[in-house]
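Beneath this line is the structure, given in structure tokens, with notes to follow.
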Amino acid sequence: MARLARLYVPDQPQHVILRGLDQQPAFVDDQDYELFIDCLKAAARDHHLAVHAWVLMPGAVQLLVTPSDESSLPKAMQAVGRRYVAHFNRRYARRGTLWEGRYRATVIEGERFFLLASRVVELAPVRSHLVTAPEDYRWSSYRHHIGLTVDSLITDHPLYWALGNTPFERQRAYRELCEQALDERETTQLMQATLKGWVLGSDTYRDWASRTANRRVSPLPRGRPRKVREAPGTPAAASGAIGAAATASAASTPAAGSGGGGGQSAGHGAGQSAPYSTPHSGDNPAGSTSTHGGGHAGSGSATTSGENTGGSSGHSGGSQGSGGGGSSGSSSEHEERKPGTGTH
-9 MARLARLYVP
1 DQPQHVILRG
11 LDQQPAFVDD
21 QDYELFIDCL
31 KAAARDHHLA
41 VHAWVLMPGA
51 VQLLVTPSDE
61 SSLPKAMQAV
71 GRRYVAHFNR
81 RYARRGTLWE
91 GRYRATVIEG
101 ERFFLLASRV
111 VELAPVRSHL
121 VTAPEDYRWS
131 SYRHHIGLTV
141 DSLITDHPLY
151 WALGNTPFER
161 QRAYRELCEQ
171 ALDERETTQL
181 MQATLKGWVL
191 GSDTYRDWAS
201 RTANRRVSPL
211 PRGRPRKVRE
221 APGTPAAASG
231 AIGAAATASA
241 ASTPAAGSGG
251 GGGQSAGHGA
261 GQSAPYSTPH
271 SGDNPAGSTS
281 THGGGHAGSG
291 SATTSGENTG
301 GSSGHSGGSQ
311 GSGGGGSSGS
321 SSEHEERKPG
331 TGTH
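Letter 151 of the sequence shown, counting from 1, is numbered 141 in the numbering used here, and no numbers are missing.
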């Protein structure tokens, strides 16, 4: 199955995860961390990538960004990878990739999940038991958001600015927010959506994102599509019912020579099916009734014994059959079914 293209929705934030290969450390000392930050600053500037939150841990990188265009994030991550991996391999005398495949990313609904994603990124060192307090960890943007440092890599998102009217109010509100426990269910949803590349948001938001991105933004249902049964009254069901009724009607048709009404029914059978158009040898001793007359008249091809012993043609036999049917009270049926009226 072909891999879906990178998901991009204009002006929407994305959560990004980059993992080290086989859980090996991608950063060994401060020099490695500092070089990666320099690489990220240069790539974000060159490719117009707004970085709202970041964290570097020994075996993983997490970012919260807003790309300016569809190629902004891929090109920035490619630039960082090329420069940093070359440095790491040269410094530690190794070869090959440093990361576990491609970076993982997903679009998130900002109004519902931006602040959650920011907290998940910056509290990752605490959740991984690297430190006991987030402000004690140097390699994240948390210290910037609570006012302890000024990070030139960070572009504050409008949703962060909405936390207060002044920098002090925003910093205090963000600190208080991070002191609250994370919702584990929502945190798991965010991580799974990022790892699998599916949009995280409400149904309405996902529908909008799908139309905007012109691609699927959520997984298809598992298994084969369920078969849809035809409901009564649909064209397919109606045609099936008509066919069944016609089969039952043909099976219940009386044999030729059973009377006026029987002649009427047998006549319809002759008009519909060729095998019923030939009467028994005893019914027509003169042998002058033609198959053309029976098929054409429809309702007059079958007559009782002695009605057509004078060698009359198939057309007159058709007239007689029609008259006999009329006397049995089924003329309305002949009016509805135009092919069996008996006219030539």
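Think of the CB as a built atom: it goes at the ideal place given N, C-alpha and C, for glycine as much as any other residue.
Item                                                                                                                       : Value
Cβ-based neighbour list, I98, same chain, cut-off 8 Å, excluding 5 preceding and 5 following                               : Q2, P3, Q4, H5, F104, A107, L180, A183, V189, L190, G191
Rounded C-alpha distance that separates R(-4) from T56                                                                     : 14 Å
Residue interval of the beta strand (DSSP E) (run including H77)                                                           : H77 -> not in any beta strand (DSSP E); alpha helix (DSSP H) instead, spanning 62 to 81.
A276, buried or exposed, once every other Cβ within 10 Å from all chains shown has been counted against 16                 : Residue placement at A276 is flagged as unreliable, the pLDDT there being 46, under the threshold of 50; a coordinate-derived value is accordingly withheld.
Proximity test, Cβ basis, 9 Å: E125 and chain C                                                                            : This model lacks chain C altogether; it includes just one protein chain.
Residue nearest to T139 in terms of C-alpha spacing, selected from P157, A95, W151                                         : P157
Chain-order list of residues whose beta-carbon lies under 6 Å from that of V116 (same chain, five-residue window excluded) : P124
Same chain, Cβ closer than 8 Å to V75, five either side skipped, listed in chain order                                     : T87, L88, W89
Rounded C-alpha distance that separates A43 from L143                                                                      : 9 Å
C-alpha gap between H119 and Y127, whole angstroms                                                                         : 11 Å
Proximity below 9 Å, CB of P64 to CB of T202                                                                               : no
contact_flag[the stretch 37 to 51, the stretch 10 to 24] where n(CB pairs < 8 Å) is 3 or more                              : yes
Collapsed DSSP secondary structure at S142 in the structure displayed                                                      : coil
Chain-order list of residues whose beta-carbon lies under 8 Å from that of D141 (same chain, five-residue window excluded) : S131, R133, H134
Burial state of V18 (16 or more Cβ within 10 Å)                                                                            : exposed
Length-filtered (4 minimum) alpha helix (DSSP H) runs lying within the stretch 107 to 184                                  : 114 to 117, 132 to 135, 148 to 151, 157 to 169
Neighbour-count burial assignment, D22, 16 or more Cβ in a 10 Å radius                                                     : buried
Beta-carbon proximity of R72 to F78, cut-off 9 Å                                                                           : no
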